[in-house]
Amino acid sequence: MAAPKPRVKVPKTASAGDIITIKTLISHTMESGQRKDKDGKPIPRKIINKFTCEFNGQKVFECDLDPAISANPFFEFNAKVNESGAFKFTWVDDDGSVYSSESKIEVK
Amino acid sequence: MKKTVVISALAAALTCAGAVGPAGADPVDEQLTIDGEAMITRAKAPEGHPFDEVLSGWLFRTVETRALETDSFTNPGMLEVETGEALWNKVEGTAGKSCASCHGDAAESMKGVAAHYPKWDPETKRPINIELQINKCREKNMGAEPYAFDKGGQKPLTAYIKHQSLGMPVSLDLSEGDMQSWWDKGKERYYLRTGQLNLSCASCHEVSMGKMIRADHLSQGQINGFPTYRLKQGHLISVHNRFRGCIRDTRASYPKAFSDELMALEVYVTWRGTGLSVETPAVRQ
Numbered sequence: 003m004a005a006p007k008p009r010v011k012v013p014k015t016a017s018a019g020d021i022i023t024i025k026t027l028i029s030h031t032m033e034s035g036q037r038k039d040k041d042g043k044p045i046p047r048k049i050i051n052k053f054t055c056e057f058n059g060q061k062v063f064e065c066d067l068d069p070a071i072s073a074n075p076f077f078e079f080n081a082k083v084n085e086s087g088a089f090k091f092t093w094v095d096d097d098g099s100v101y102s103s104e105s106k107i108e109v110k
Numbered sequence: 002m003k004k005t006v007v008i009s010a011l012a013a014a015l016t017c018a019g020a021v022g023p024a025g026a027d028p029v030d031e032q033l034t035i036d037g038e039a040m041i042t043r044a045k046a047p048e049g050h051p052f053d054e055v056l057s058g059w060l061f062r063t064v065e066t067r068a069l070e071t072d073s074f075t076n077p078g079m080l081e082v083e084t085g086e087a088l089w090n091k092v093e094g095t096a097g098k099s100c101a102s103c104h105g106d107a108a109e110s111m112k113g114v115a116a117h118y119p120k121w122d123p124e125t126k127r128p129i130n131i132e133l134q135i136n137k138c139r140e141k142n143m144g145a146e147p148y149a150f151d152k153g154g155q156k157p158l159t160a161y162i163k164h165q166s167l168g169m170p171v172s173l174d175l176s177e178g179d180m181q182s183w184w185d186k187g188k189e190r191y192y193l194r195t196g197q198l199n200l201s202c203a204s205c206h207e208v209s210m211g212k213m214i215r216a217d218h219l220s221q222g223q224i225n226g227f228p229t230y231r232l233k234q235g236h237l238i239s240v241h242n243r244f245r246g247c248i249r250d251t252r253a254s255y256p257k258a259f260s261d262e263l264m265a266l267e268v269y270v271t272w273r274g275t276g277l278s279v280e281t282p283a284v285r286q
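What follows is the structure, given as structure tokens:
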């Protein structure tokens, strides 16, 4: 499996006070830890266990993920924007890797 | 600064858009747009077609499934299309070439190509589809191993190539070589009843089109969106896998992928979808 690749969809512009829709997706196998390989040995758990979204350093959205979440976790949520800035998204992997992505938005 | 955060369940937000229930089993009267581009999901049938109008399978799916296909970001099949893009540029084989070495940018070189496949292959004297064309290129030009059916990069690369024709109407040239006689053979196969259940393709997709078969809404069985992302399996499904699955479900023994029988069927069934937009990768139940 290729390295997890984050993707985000945030509008480029908005008016002050707009509620915008943000979509995020990361390619990840989300190995639950409950499965066994061909030899009957358990496949170790490896999932994204935390996802956060910050806007200009302030937390907008956060959630913990558990093993039942399917592969390639997708999140869609709304946020109200009052000023221009950047959304920062981070995904934390079980092995400690952190994948991140940033999207700028201009508020007119 | 105050920010409101709402988790919106996609399904819940869209449920108000239209009610679909077992009672209303007709295909919906809606326009499919993918990233704002209008798709042709209803087209006038070609001459000699049993229907007046050919309908995309998209019109038969639930609100939630239909919504997934309208945005390439939410379409789970697009992840495999991305994998296909990487394969397009990957050098393999003894000739040290990738697909891109000869064909360059797929967005230009492959635009519209898959809308006219299967084509006649004068060398093998049989129709050739995208999967077999990839294998032919790999063997002849790249010196690489051909992909086994549904293995390796076959599905993602096929999906990537077909995706370059997104929105373009399907049309086949039956005047090439012996395409017409393969079309005839495919038609025969389409109407051939098989298995313990004694069903032909037409039993479900022509005679009973639009009806419910238990929980499933029967479409015209069009293949304009293949390889298609099926929620049931959670990955891309190739046309020949689907053909085999359908025939298996009639409780018959089923032909091998890319066999003469199934290639003929692919020619015929592709023709039955003449005029529909290529939707690869479509999202289905």
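From first to last, the protein sequence lines are chains A and B. Each residue of the first sequence is one higher than the one before, starting from 3 at the first, in the working numbering. Each residue of the second sequence is one higher than the one before, starting from 2 at the first, in the working numbering. All C-beta atoms in this analysis are idealised placements derived from N, C-alpha and C, irrespective of residue type, glycine included. Keep in mind it's a predicted model, so treat the numbers as computed, not measured.
For V109 (chain A), the uninterrupted beta strand (DSSP E) segment begins and ends at 100–109. Looking at the DSSP output, K90 (chain A) bridges to A:E56, A:E104. Closest option to R37 (chain A), judged by alpha-carbon separation, among A:P69, A:E64, A:T92: A:P69. Where D185 (chain B) is concerned, there is no enclosing beta strand (DSSP E), although the alpha helix (DSSP H) around it starts and stops at 180–191.
In this structure A265 (chain B) is in contact with R190 (chain B), their Cβ atoms being roughly 6 Å apart against a cut-off of 8 Å. Close CB contacts of H164 (chain B) within its chain, under the 6 Å cut and outside five residues either way in sequence, are with V82, T281 (chain order). Distances from the CA of T63 (chain B) to each of B:E31, B:I135, B:A101 were compared; the closest alpha carbon is that of B:E31. For T75 (chain B), the nearest beta carbon of chain A is closer than 9 Å to its own beta carbon. Annotation for Y230 (chain B): no alpha helix (DSSP H) segment contains it, though the beta strand (DSSP E) segment containing it runs 229–231.
Under the three-pair Cβ rule at 8 Å, the stretch 98–115 of chain B does not count as touching the stretch 43–60 of chain A. Contact annotation: in the stretch 12–41 of chain A, residues whose CB is within less than 8 Å of a CB in chain B are I21, T23, K25, L27, S29. Remark: fewer than three beta-carbon pairs, one from each stretch, lie closer than 8 Å, so the stretch 236–244 of chain B and the stretch 203–219 of chain B are not flagged as touching. Take G187 (chain B), set aside five residues on each side of it, and the residues of its chain with a beta-carbon closer than 6 Å to its own are A265, L266, V268, Y269, in chain order. The beta carbon of P75 (chain A) lies closer than 7 Å to those of I28, H30, M32, I50, L67 in the same chain, with the five residues before and after it left out. For A70 (chain A), no CB of chain B lies under 9 Å from its own CB, so it is not counted at the interface with that chain. K40 (chain A) and T23 (chain A) have their C-alpha atoms spaced approximately 42 Å apart. At a C-beta separation below 7 Å, L80 (chain B) has these neighbours in chain A: S29, N74. Fewer than three Cβ pairs drawn from the stretch 68–86 of chain B and the stretch 195–205 of chain B lie within less than 8 Å of each other, which leaves the two stretches out of contact.
Under the DSSP assignment, W121 (chain B) falls outside any alpha helix (DSSP H), being part of the beta strand (DSSP E) whose first and last residues are 120–122. With its beta carbon at least 9 Å from every one in chain A, G153 (chain B) lies outside the interface. Per DSSP, the unbroken alpha helix (DSSP H) holding H104 (chain B) starts and ends at 100–104. For D20 (chain A), the enclosing beta strand (DSSP E) has its first and last residue at 20–28. Scanning the stretch 115–153 of chain B from its first residue to its last, the whole alpha helix (DSSP H) runs of 4-plus residues come out as 131–138.
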